[in-house]
Each structure stands twice: as structure tokens, then as C-alpha cells.
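S.K.: These protein sequence lines map, in sequence, to chains E, S, L and R.
Count the first sequence with my numbering and you get residues 9 to 202, in order.
Count the second sequence with my numbering and you get residues 9 to 202, in order.
Count the third sequence with my numbering and you get residues 9 to 202, in order.
Count the fourth sequence with my numbering and you get residues 9 to 202, in order.
Note that beta-carbon positions come from the ideal geometry of N, C-alpha and C, so glycine has one too.
These figures come from a predicted structure and were not determined experimentally.
Shown below is the structure under consideration.
4 protein chains.
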Amino acid sequence: MNKNRPKYKQIIDAAVIVIAENGYHQAQVSRIAKQAGVADGTIYLYFKNKEDILISLFHEKMGYFVEKIEEEIKGIDTATQKLLVMVEKHFEILSEDRHLAIVTQLELRQSNKELRHRINDVLRGYLNLIDEIMTEGIASGEFRPDLNLRLARQTVFGTIDEIATTWVMNEQKYSLTDLAKPVHELLVGGCGKS
Amino acid sequence: MNKNRPKYKQIIDAAVIVIAENGYHQAQVSRIAKQAGVADGTIYLYFKNKEDILISLFHEKMGYFVEKIEEEIKGIDTATQKLLVMVEKHFEILSEDRHLAIVTQLELRQSNKELRHRINDVLRGYLNLIDEIMTEGIASGEFRPDLNLRLARQTVFGTIDEIATTWVMNEQKYSLTDLAKPVHELLVGGCGKS
Amino acid sequence: MNKNRPKYKQIIDAAVIVIAENGYHQAQVSRIAKQAGVADGTIYLYFKNKEDILISLFHEKMGYFVEKIEEEIKGIDTATQKLLVMVEKHFEILSEDRHLAIVTQLELRQSNKELRHRINDVLRGYLNLIDEIMTEGIASGEFRPDLNLRLARQTVFGTIDEIATTWVMNEQKYSLTDLAKPVHELLVGGCGKS
Amino acid sequence: MNKNRPKYKQIIDAAVIVIAENGYHQAQVSRIAKQAGVADGTIYLYFKNKEDILISLFHEKMGYFVEKIEEEIKGIDTATQKLLVMVEKHFEILSEDRHLAIVTQLELRQSNKELRHRINDVLRGYLNLIDEIMTEGIASGEFRPDLNLRLARQTVFGTIDEIATTWVMNEQKYSLTDLAKPVHELLVGGCGKS
DNA sequence: CATGAATGAGCATTCATTCAT
DNA sequence: AATGAATGAATGCTCATTCAT
């Protein structure tokens, strides 16, 4: 559906604002429409249903994540460095858009199982990025040769995600980007003494 | 209220089953009552309202988590070993009760922000347990002296949680307990080559 | 049912207090039982159901009204004087028991149509008293010979009742008994210039 | 809200019918909607909640009372005559709409204290009308100069209301309008012999 | 007589979606 | 394309009454 029309983006941006400011369960379609400056019915010219707004929202924003990060790590030599930049970039993007941070880390998690499964599909792209970095690191000898790729990916993602979520739940009152470096160290070196 | 009455536990167990099998939003009070073999009104002799059932559920079960794990690591000498046992025990308890796993990893996350905040309060006990182990590890020289305690805790919890959630979303079709050892290695040693 | 047992009166008095202080719709049987110092089930040893409590309450209290007033007007010579004493006594009894005033003038009116019909039956005794006075007044030549007895009775009762209700709705903050004399004058002489 | 839309009146009229025929406590919103020929949800486009329907109902109908009566007494010379016309008109309007009579005299009284207070606010307009007539009567010398205005108003209203209520409780099986003249005589001349 | 735990029917309100204009 | 009035399904909770003890 008409992804190129200006109202498509307009509605998604409205959804981010409404959800961030009122919470997932208070984000009625009529409210999103009002925020977007369109009639309720107009929403349905651009989205199949409410769920479609949320998926599209996540798709657009997560796509931006992957795109941005891919761009940044393109020229970098080592996997270790790439991992650092990824964490940095991830935290940076969230820090720059507090509404988006609230929506992706807190509110969208309240969606039902089916929606969350579909959101996971969208996450695929991001997880693949992690996989690529990890694979490269193993190949280059930076990471241990016996690394379980899936576990490593879940560790990296789970850690980044938990730290971002805690930051949002604490109302973003400390610097998230400052945490990138120590988090990276933990991921690469573990908590044990080398 | 009336925590010692048999019906208190009966209702909580019914809630776990109903939520696991039908999903959070399909877990009507009347359904829980039916599953528990009591009348709808009886629920309200033991719980203030529906939310109270869910909080109590989480409280009871997470309390069991902390209790069990504390018990198991009591006699263990090193923090590293304790961390391993914690991960093992965590995965073991989830593996033993597939309904509980679904409820805690997927369904309860759909609750509203207020309920999630109250659930987080209950989680405190578990996070404290992690803190204790990490602190002990630093003191004993097993873990790096410059470890950021909060980050380390979030790394440990985020990783365990992500791996458990992925396992549930994949319909628990592989062994979760088998992952305890490699996960522990990742947490302690990181993904980098030592 | 056991009208002579102390608990019968105990429960009725409890009902008056609970209804006056919490309102008709907040006067649950369990609350009345608690106030009376008995178990919920005990209520049903003395009353058929909740409605029966209210009817009995009204019966007892209105019986006291009729009894008291009959007693007072017994020795009085003229119907005009009797009417005055009736109004005075009516206002006096209400003034003496603010709980009772609230219950009879405001709260009990919220009962359903059926209950109100049965309450009207109880009122019969009071209305008969008015009828007697009016009839006597006509016979003695004090009142007009063409007086429509039913209308006269409704005028007297409607007036007394409205004035008492207004007084209760105004939180009883002026003297009701002071109004007896002017009300009596209005009833006997009308508002027109004689 | 939206008082000019045809559905506003449609719903109020439906409420009168449903309440009159089924009783206050059996007047579910869904029943009113059905009677009005609209969906349940439509009710809430025109009224804030159920209570708002009842208040609006009373407001509209009582407004009609005051309006009609004001209109009729405008050209009349004496306060005595105005009082007669007011009673006549009051009884006439109730006689013409038996449903409305049941609702205002019996059913709406079952509402809770808060709603009754708000209904009383609406009654103000009617009571003011009585006040004006009484004041005029005193000024013109038709009524006694020492008339207590508040008491007189309560006497007039209490009498009219009691007579109307009794008529409704007797299932409206005699002519209410026939009573206007004798009631008026009683109010003006009292029951005493002049 | 007395208890009080258990029962279960009943209802106002919200909001995603449609469709006539 | 755009509108927004209308729709109608779906559910947590209360409380009078019972009855086993």
C-alpha cells in the first residue's frame, strides 16, 4: 500500500509519538489519526489494520538501524571494531530519538504473541548483521573458533537489548552511549579475568 | 490474602495453564476460575483483582526461582561455579514447566506498563542474586576488578533471558539445559579469543 | 420470624446506621451484619431476605411514629390542634434521630417499585391517622364540609414529607421543629388571604 | 453534546419508554439502544455515560414543563389564577404522557443520591417558577403578607408531587386533571373553614 | 442457633473497522 | 482520495443468598 505517499510516513511518525506519550494500550487508531492530522478512515487507505501500522513502524525504523549500522561498519577492518561500532551506533540512534526508544524497548513489547513473532521476522535483518560480524571474527581468528554462532548472537543482542531497556525504564537519565565501550569489552572479553 | 488456603495456589496454577494455553489476552477471569474448579466470585476472595492474580503468580514463581538457586549455590566455592549453577538451574526450572516458561517469557510481557513495573520489583530479588555472585567474583579475583557491576548484571540477565525467550518462541524444540555450559563460557570468557 | 429476640432489633438498628452513613446502595448485607456484630448468615435467621430487613425497618420505625402521635393527640379537643401536634411530633421525631431521617426521607426512596409499594402499605397506618383527624375536623365544623378527604390527606402528607426531605437534603442545618407552626398555618389557612 | 442531532432526542425518548415499561433497574443501555434503533456504541456518541442519559432526559422534559407553564401563565393577571393554571398544566402534561409520568414520579427516584442531587438542580427552574408566582401574589395582596416563601413553595410542590405520585401508583386510573381545581382551592384556602 | 466460605448471574463501556458521501 | 458517524462484540467484578459445619 502506497508507501510513497507522504501520509504513509506521516501516520507512522504519529504512531511513534502517540505510543511513546500515551502507551501502547492508549494508542487508539483515532488518536493516531488525530496526531497525523487525517481522518480515522484514511489510516485504512495506507494500512491494512492497526497491527499493520505497528509492523510497518518497526520495519521502517529497524530498517534504518540496519542501514545506518551497515554503512558505518563497511570500511572497518576487524570484527571486534565492527562490533564496537555496532553497539555504539545502536545506542546512539536510541539516544537521539527518545520517543523511538520508548516505543521499541517498552511499548511494542506489549503486543500480542502473533505480532511479536512478526516483529521478530523484521529483527532478522539485524540479527543477520550480528551473525556476519561474528562469522567474520571467527574466520579472522579474532573470536574463538568454537563459538556457537546462535548463542553468540543471542548474547550480543540480549545484552544490548537489556541495557537499552533498563536505560529507558530509568527514564533515560544517564548516558547510554557512554556504555558502549564497557559493554563491548564485556561481550568480547567476558567478565572473567583474562 | 489467604495465602495458606489451598485455593490460592489452585488459582495461580490455573492461571499459568490458562495463560500458557490461550494467551494473555484470552485469559479471562471466568476461564481461570473454571480451570481452577471454583466459581468466578471465589477468585475475589483470594485476589484483589485480575492484576493481583498475575503479580502474585509472578511473585510465587520467581520467589521459587530465587529460593531454588540460592539453595543450590550455597555450598559452592567459586563465583564462576555459582554462575554456572545459576544458569543451569534457571534453564532447568523453565525446562521442567513448559507452561511457566511460556507465561514468564512471552505472555506476561504483554501486560501494561504499570504491571510490568510491579513485575520488575519482583525481579529485584533475582537481580540481587546475580549482583552477589558478581561481587564475590570480583572480590575473589575470579572476575576483572574493574567490572561495572550494573552492566555485568544486565549482561548476564539479558543473555539468559534472550536465550530462554528464543527457546520458547521456537516452541522449546531443543534442549535448553544443554546451552547452560556454553552460555556460561561466553559470559565468563566473552566471545574473543583469550 | 423471631421478632422478640434481641438480635432482631440489633440488626434493624445496624441497618439504619449503615444505610444512613453509607447510602442505600452501599448497604450490603455483609456490612449490616458486621455493624450488628453477627455473621452474614445469621441475618437470614431473622429476615427472609434483604428487602425484608428494609420493610421491617420501616414498619418498626413508622409504627413508632403512629404510636407516638396517637398517644400525644389522644387528649386533645380540636382537630386543628391535633393536626398541629401531629406535624410537631413528626418533625420532632425526625429531628431526634438524624440517621432515621436520612434513611426514611432519602435512602429508602431509592428502593425499587415493588419495595416502595410495600412501604406504602406500611404508611397506611399513618395516612389513616391523618384521615381521622380530617374527618373529625369536618364533623366538628373546623374544616370545610366539602373537603375531599383523599386530596386533603395527600396535601398534608405531601407537604410534611417535602419539607422534611428538603431539610434532610440541606443537611439538617436549620431547625425543623420551628417550621411546624407555620406549616400548620399554611395547611389550615392556605396561602391566600383569609 | 450534539443536542441538535435527531438521534439525541431519539435516544432520550427510547429511554423514557424503556424505563417506564421495564423499570429503572431493568433499563440496560443495550435495551435503550435497541428501542432507539441504534447500536449500543452510538449512545456514547451522544451521551457521556448512562447517568448522562438520565440527567439529559430529566433536563429536556423538565425544561419542557417550565417552558410550557411559563407560556401559559404569561398573560394571566392574578397570582391565584396563575397558580391554578400551573397545577392544571402540570397535571395535564403528566396525563398526556403516561410513560413520562411513570419515569419522573416513580422510576427516576430510584437513582442514587448523586444523580438525585443533579436532578434537583434541574428542578430549580420549576421551583423558581413557583417562587415567582408566590412573590407576585404577596405583592398584589392576594396572598398573606407574612407568607414564608420557602415553606409555601415546598407546600405547593410537595402537594402537587404527592398527588401526582399517588395517581401514578394507582396506575393512573382516575382523572388527574380533574383534581387541579380542588387542589388549587386547598392550596389557596387551606383545609380550614374560611 | 450461629457461622462465613462459596456461589454465579448480570452489564456499562471501548474502540478497530466500515462505508455512504 | 478522504471523511467520520455508526457499528457491536466482548469482559471484570459485586453481592444477596446458601448450606456444610
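For L:GLN162, I'd like the list of residues in its chain whose CB is within less than 8 Å of its CB, leaving aside the five on either flank, ordered along the chain.
M.R.: Closer than 8 Å at Cβ, skipping near neighbours: no residue.
S.K.: In chain E, which residues lie less than 7 Å from S:HIS33 when you measure between Cβ atoms?
M.R.: The answer, in chain order, is ASN120.
S.K.: Identify the contact partners of R:ARG126 in chain L, using a Cβ-Cβ distance below 9 Å as the criterion.
M.R.: Per Cβ cutoff of 9 Å: no residues; R:ARG126 is ~12 Å from chain L at best.
S.K.: Taking all protein chains shown into account, do 16 or more other C-beta atoms lie within 10 angstroms of the C-beta of R:LEU114, making it buried, or fewer, making it exposed?
M.R.: Buried is the call here.
S.K.: Grab the span of the alpha helix (DSSP H) containing L:HIS192 for me, first residue to last.
M.R.: Looking at the DSSP string, the run of the alpha helix (DSSP H) that includes L:HIS192 is 188–197.
S.K.: Give me the chain L residues within the contact set of R:LYS90, using Cβ-Cβ distance strictly less than 9 Å, ordered along the chain.
M.R.: Going along chain L, no residue has its Cβ under 9 Å from R:LYS90, so there is no contact; the nearest lies around 13 Å.
S.K.: Determine the closest residue to L:PHE99 out of L:GLU140, L:VAL191 and L:LEU135, with distance taken between C-alpha atoms.
M.R.: The shortest Cα separation from L:PHE99 among L:GLU140, L:VAL191 and L:LEU135 belongs to L:VAL191.
S.K.: Let me see if you follow: with CB-CB separation under 8 Å, is R:ASN156 close to chain L or not?
M.R.: Chain L contact via Cβ: present.
S.K.: Once DSSP output is grouped into helix, strand and coil, what is the label at R:GLY200?
M.R.: Strand.
S.K.: From the DSSP output, in three-state form, read off E:PHE73 for me.
M.R.: In this structure, E:PHE73 counts as helix in the three-state DSSP scheme.
S.K.: Can the beta-carbon of L:GLU150 be found closer than 8 Å to that of R:GLY200?
M.R.: Going by C-beta atoms, L:GLU150 is nearer than 8 Å to R:GLY200.
S.K.: Return helix, strand or coil for R:PHE99, following the three-state DSSP convention.
M.R.: In this structure, R:PHE99 counts as helix in the three-state DSSP scheme.
S.K.: Under DSSP, the alpha helix (DSSP H) around S:ARG158 begins and ends at which residues?
M.R.: Per DSSP, S:ARG158 belongs to the alpha helix (DSSP H) from 157–177.
S.K.: Please state whether DSSP places R:PHE55 in a helix, a strand or coil.
M.R.: In this structure, R:PHE55 counts as coil in the three-state DSSP scheme.
S.K.: Just to confirm, is the Cβ distance from R:ILE141 to R:ALA87 under 8 Å?
M.R.: Going by C-beta atoms, R:ILE141 is nearer than 8 Å to R:ALA87.
S.K.: Below 9 Å between beta carbons is the criterion; list the residues of the stretch 155–187 of chain E that meet it against any residue of chain S, in chain order.
M.R.: Under the 9 Å Cβ criterion, the stretch 155–187 of chain E contributes LEU155, ASN156, ARG158, LEU159, ALA160, GLN162, THR163, VAL164, PHE165, GLY166, THR167, ILE168, ASP169, GLU170, ILE171, THR173, THR174, MET177 and LEU187.
S.K.: Quick one: using the 10 Å Cβ neighbour count with 16 as the cut-off for buried, is L:SER38 buried or exposed?
M.R.: It counts as exposed.
S.K.: Could you compute how far the alpha carbon of L:TYR52 sits from the alpha carbon of L:VAL24?
M.R.: Spanning the two alpha carbons is a distance of roughly 17 Å.
S.K.: Which term fits E:LYS90, buried or exposed, when burial requires 16 or more other beta carbons within 10 angstroms of its beta carbon?
M.R.: So E:LYS90 counts as buried.
S.K.: From the DSSP output, which residues share a beta bridge with E:PHE151?
M.R.: Answer by DSSP bridge pairing, in chain order: S:GLY200.
S.K.: In whole angstroms, what separates the C-alpha of L:ILE127 from that of L:LYS121?
M.R.: Those two C-alpha atoms are separated by around 10 Å.
S.K.: Quick one: which chain L residues come within Cβ less than 9 Å of R:GLY149?
M.R.: Under the 9 Å cutoff, chain L gives LYS201.
S.K.: Please determine, among R:ILE20, R:GLU78 and R:LEU184, the residue with the shortest C-alpha to C-alpha distance to L:LEU159.
M.R.: It is R:LEU184 whose Cα lies nearest to the Cα of L:LEU159.
S.K.: So E:VAL1 contacts chain S; which residues on that side make the cut at Cβ distance below 9 Å?
M.R.: The question about residue 1 of chain E has no answer here: the residues shown for chain E are numbered 9 through 202.
S.K.: Can you give the Cα-Cα distance for L:MET70 and L:LEU135, rounded to whole angstroms?
M.R.: Distance between the alpha carbons of L:MET70 and L:LEU135: 11 Å.
S.K.: Any contact between the stretch 40–54 of chain E and the stretch 95–109 of chain E? By contact I mean 3 or more CB pairs, one from each, below 8 Å.
M.R.: No, because fewer than three Cβ pairs between the stretch 40–54 of chain E and the stretch 95–109 of chain E fall closer than 8 Å, the two stretches do not touch.
S.K.: Within 8 Å of any Cβ in chain R, is that where the Cβ of L:GLY5 sits?
M.R.: Since the first and last residues shown for chain L are 9 and 202, residue 5 of chain L lies out of range.
S.K.: For E:LYS90, which of helix, strand or coil comes out of DSSP?
M.R.: Correct three-state label for E:LYS90: helix.
S.K.: At a Cβ threshold of 8 Å, is L:ARG132 touching chain R?
M.R.: False, the Cβ-Cβ gap to chain R never drops below 8 Å.
S.K.: Distance check for E:GLN118 and E:ALA179, CA to CA, integer angstroms please.
M.R.: The sequence shown places Glu at residue 179 of chain E, not Ala. In a straight line, the C-alpha of E:GLU179 is about 18 Å away from that of E:GLN118.
S.K.: Anything in chain S within Cβ reach of E:VAL191, meaning under 8 Å, just list it in chain order.
M.R.: Near E:VAL191 (Cβ distances below 8 Å), the residues of chain S are LEU159 and THR163.
S.K.: Short of 8 Å in beta carbon distance, which residues of its chain neighbour S:LEU108, apart from the five on each side in sequence? Order them along the chain.
M.R.: Answer for S:LEU108: VAL24, ALA28, LYS69, ILE101 and LEU102, listed in chain order.
S.K.: Note the first and the last residue of the continuous alpha helix (DSSP H) segment covering R:SER38.
M.R.: Segment 37–44, the alpha helix (DSSP H) holding R:SER38.
S.K.: Could you give the first and the last residue of the continuous alpha helix (DSSP H) run that contains L:LYS17?
M.R.: Run containing L:LYS17: 14–30, per the alpha helix (DSSP H) assignment.
S.K.: Under 9 Å Cβ-Cβ, which residues of chain E neighbour S:ARG117?
M.R.: Ordered by position in chain E, the residues that pass the 9 Å Cβ test against S:ARG117 are ARG117, GLN118 and ARG124.
S.K.: Just to confirm the assignment, what range does the alpha helix (DSSP H) spanning R:GLN113 have?
M.R.: 106–113 is the span of the alpha helix (DSSP H), which, as asked, contains R:GLN113.
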